[in-house]
Amino acid sequence: MLRGTVDFTTTDGLDVDFARAAATGLPLVVDLGGLRFGNAELLALLISARPAPGVALVGPLSPSFQRRLDITGATTLFDIHPTLSAALDR
195 MLRGTVDFTT TDGLDVDFAR AAATGLPLVV DLGGLRFGNA ELLALLISAR PAPGVALVGP
255 LSPSFQRRLD ITGATTLFDI HPTLSAALDR
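195 is the number of the first residue of the sequence shown in my numbering; add one for each residue after it.
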């Protein structure tokens, strides 16, 4: 679960965490329901985690991060679910 603000000052280690999760061969579920702001660096990290057998994002997504996904066309890259239970049931 990511909470608060995720930007260049707070992404240290996320790339390693996402790579480890992708290496398990299991789908990656990232709960963004507590995220107030996520910058382009977070989006790049999520995209780079896509070699995992699917990356699911759990919301509700913040309006600013949803807008970032929409503007970049990245909404097509992820399964987006309103709740954690919906993501886990997929």
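We put the beta carbon where it would ideally sit given N, CA and C, even for glycine.
In the displayed model, L196 falls within coil according to three-state DSSP, outside both helix and strand. Judged by DSSP secondary structure, D225 falls outside any alpha helix (DSSP H) and instead within the beta strand (DSSP E) spanning 222 to 225.
Shown here, D211 sits in a helix according to DSSP, grouped into three states. D283 and F202 have their C-alpha atoms roughly 32 Å apart.
In chain order, L239, S242 place their CB closer than 8 Å to the CB of D209, counting only its own chain and leaving out the 5 sequence neighbours on each side.
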